[in-house]
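*Asks:* Provided herewith is a single structure, encoded as structure tokens, for subsequent inquiry.
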Amino acid sequence: MQLYRQHKVIKVIYKHISPAPDEMRKTEEQLAAEAAAQRKTDERYMRQAIAQAKKAMSLGEVPIGCVIVYEGKVIGRGYNRRNTDHTTLAHAEIRAIRKASRLIGDWRLEGCTLYCTLEPCPMCAGAIEQARIDRVVIGARSDKSGCAGTLLNIVANEKLMHQSEITFDILGDTCSALLREFFKDLRRRVKTQNRAKILPV
Numbered sequence: 002m003q004l005y006r007q008h009k010v011i012k013v014i015y016k017h018i019s020p021a022p023d024e025m026r027k028t029e030e031q032l033a034a035e036a037a038a039q040r041k042t043d044e045r046y047m048r049q050a051i052a053q054a055k056k057a058m059s060l061g062e063v064p065i066g067c068v069i070v071y072e073g074k075v076i077g078r079g080y081n082r083r084n085t086d087h088t089t090l091a092h093a094e095i096r097a098i099r100k101a102s103r104l105i106g107d108w109r110l111e112g113c114t115l116y117c118t119l120e121p122c123p124m125c126a127g128a129i130e131q132a133r134i135d136r137v138v139i140g141a142r143s144d145k146s147g148c149a150g151t152l153l154n155i156v157a158n159e160k161l162m163h164q165s166e167i168t169f170d171i172l173g174d175t176c177s178a179l180l181r182e183f184f185k186d187l188r189r190r191v192k193t194q195n196r197a198k199i200l201p202v
């Protein structure tokens with residue numbers, strides 16, 4: 002003898018309950034507060050990167066600076082020393098990455114945020130991708146060699162193994178002003194030198 006058990010199908014209708022306007026407003030306020038707090042943090046570390054850039058400027062180098070932060074601590078600093086060290090590898094980002102990796106004992110810099118005063122060049126963008134840095138915060142864009150989205154996007158290219166989150170324009174005006182000041186002074190010095198060459202002795 003076979004027994005058949007009847008099963009009742011119970012339909013359950015879930016009614017979507019929209020949050021009250023006060024709750025929505027609270028959420029928006031929280032998001033705005035978090036964004037403001039993040040920007041404040043970004044500006045604090047970008048000022049440290051700018052301080053590094055000024056060190057480069059004092060050496061007559063293009064003023065580019067970089068710091069790398071992990072869990073609220075700066076683990077790598079660097080500034081441009083290409084002419085001083087006579088090597089194209091002495092870019093700010095490369096030097097900061099090398100120091101950070103040496104400090105933590107690992108080439109992987111996952112969980113780190115890199116702050117740079119100028120958008121990374123192809124070489125530095127490639128190093129950032131290879132180091133698997135989570136986030137890149139940039140002061141000024143580079144129309145000449147920017148590889149975080151301006152000319153190319155190596156930093157967050159979906160075809161590559163790693164993509165970093167990118168934030169632009171943190172103290173960008175300050176970073177740009179520093180570069181303008183440097184190149185204005187450089188042109189003035191070159192002009193003075195050229196004039197001295199053509200003046201009779």
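Heads up: the sequence shown begins at 2 in the working numbering, then just goes up one per residue.
The C-beta atom is built at its ideal place from N, Cα and C for all residues, glycine as well.
Source: prediction; values computed, not measured.
Out of K55, G106 and G61, which one is the CA nearest neighbour of I76?
*Replies:* Counted from its first residue, the sequence shown places residue 76 at position 75. It is G106.
*Asks:* With which residues is V75 paired in a DSSP beta bridge?
*Replies:* If you number the sequence shown from 1, residue 75 lands on position 74. In the DSSP output, where bridge partners are listed per residue, V75 has V70.
*Asks:* Can you pull the DSSP bridge partners for N154?
*Replies:* Locating residue 154 in the sequence shown gives position 153, where the first residue counts as 1. Note: N154 sits in a beta bridge opposite A149.
*Asks:* Report, in whole angstroms, the separation of the C-beta atoms of A38 and Y116, which I expect to be a contact under 8 Å.
*Replies:* Stepping through the sequence shown from its first residue, residue 38 is reached at position 37. Stepping through the sequence shown from its first residue, residue 116 is reached at position 115. About 16 Å separates the two Cβ atoms, so there is no contact after all.
*Asks:* What's the call for M58, buried or exposed, on a 16-neighbour Cβ count within 10 Å?
*Replies:* In the sequence shown, counting from the first residue as 1, residue 58 sits at position 57. Buried, because 16 or more other Cβ atoms sit within 10 Å of the Cβ of M58.
*Asks:* Per the DSSP calculation, A141 is bridged to which residue(s)?
*Replies:* What you label residue 141 is simply residue 140 of the sequence shown in a count that begins at 1. Answer is L119.
*Asks:* Out of P123, I69, K185 and G79, which has the shortest C-alpha to C-alpha gap to S143?
*Replies:* As a position in the sequence shown, residue 143 is number 142, starting the count at 1. Taking only the C-alpha atoms, the option nearest S143 is P123.
*Asks:* Excluding the five sequence neighbours on either side, which residues of its own chain have a C-beta within less than 7 Å of the C-beta of W108, listed in chain order?
*Replies:* As a working note, residue 108 is residue 107 in the sequence shown. Result list for W108: S102 and A132, in chain order.
*Asks:* By Cβ distance, which residues of its chain are closer than 8 Å to R82, with the 5 residues on each side in sequence left out?
*Replies:* Start at 1 with the first residue of the sequence shown, and residue 82 comes out as number 81. A57, L60, E62, A91 and R96, listed in sequence order.
*Asks:* Report the rounded CA-to-CA distance for K74 versus M47, giving the unit in angstroms.
*Replies:* The residue you call residue 74 lines up with position 73 of the sequence shown. The residue you call residue 47 lines up with position 46 of the sequence shown. If you take the alpha carbons of K74 and M47, they lie about 13 Å apart.
*Asks:* If D135 sits next to C113, beta carbons under 8 Å apart, how far is it from one beta carbon to the other, in whole angstroms?
*Replies:* Working through the sequence shown from its first residue, we reach residue 135 at position 134. Working through the sequence shown from its first residue, we reach residue 113 at position 112. Right, the Cβ-Cβ distance comes to about 6 Å (below 8 Å), so this counts as a contact.
*Asks:* Identify every residue that forms a DSSP beta bridge with Y80.
*Replies:* Counting from one through the sequence shown, the residue named residue 80 turns up at place 79. Y80 is bridged to G66.
*Asks:* Taking Cβ to Cβ, would you say P64 is nearer than 8 Å to F183?
*Replies:* Sequence index remark: in the sequence shown, residue 64 carries index 63 (1-based). Sequence index remark: in the sequence shown, residue 183 carries index 182 (1-based). For P64 and F183, yes; Cβs fall inside 8 Å.
*Asks:* Which value, in whole angstroms, describes the spacing of the CA atoms of I98 and L161?
*Replies:* In the sequence shown, residue 98 corresponds to position 97, counting from 1. In the sequence shown, residue 161 corresponds to position 160, counting from 1. Distance between the alpha carbons of I98 and L161 is about 19 Å.
*Asks:* If you count every other CB in all the chains shown that lies within 10 Å of the CB of L4, and 16 or more means buried, which is it?
*Replies:* Walking along the sequence shown from the start, residue 4 turns up at place 3. Because the pLDDT at L4 is just 43, under 50, the model does not fix this residue reliably, and the point stays unresolved.
*Asks:* From the DSSP output, read off the bridge partner residues of R136.
*Replies:* Indexing the sequence shown from 1 puts residue 136 at position 135. DSSP output for R136 lists T114 and E166 as bridge partner(s).
*Asks:* Under 8 Å by Cβ, that's how I've got A157 and I167 pegged, so tell me the actual separation to the nearest angstrom.
*Replies:* Position 156 of the sequence shown, counted from the first residue, corresponds to residue 157. Position 166 of the sequence shown, counted from the first residue, corresponds to residue 167. Yes, they are in contact, since the Cβ atoms of A157 and I167 sit about 6 Å apart, within 8 Å.
*Asks:* From what residue to what residue does the alpha helix (DSSP H) around K160 run?
*Replies:* Taking the sequence shown and counting its residues from 1, the one referred to as residue 160 is at position 159. Looking at the DSSP string, K160 is not in any alpha helix (DSSP H), and its letter there is neither H nor E.
*Asks:* Using the C-alpha atoms, what's the distance from L119 back to K192?
*Replies:* For this step, residue 192 is matched to residue 191 along the sequence shown. For this step, residue 119 is matched to residue 118 along the sequence shown. Their backbone Cα atoms lie some 26 Å apart in a straight line.
*Asks:* When you compare only the Cα positions, how much space is there between N195 and C67?
*Replies:* Here the question's residue 195 lines up with position 194 in the sequence shown. Here the question's residue 67 lines up with position 66 in the sequence shown. Rounded to whole angstroms, N195 to C67 spans 34 Å at the Cα level.
*Asks:* If we ignore side chains and look at the alpha-carbon of each, how far apart do Y71 and R188 end up?
*Replies:* For the purposes of this step, residue 71 is identified with residue 70 of the sequence shown, where counting begins at 1. For the purposes of this step, residue 188 is identified with residue 187 of the sequence shown, where counting begins at 1. Roughly 39 Å between the two C-alpha positions.
*Asks:* Roughly how many angstroms separate the alpha carbons of E44 and G173, rounded to a whole number?
*Replies:* For the purposes of this step, residue 44 is taken as the residue at position 43 of the sequence shown. For the purposes of this step, residue 173 is taken as the residue at position 172 of the sequence shown. Going from the Cα of E44 to the Cα of G173 covers about 10 Å.
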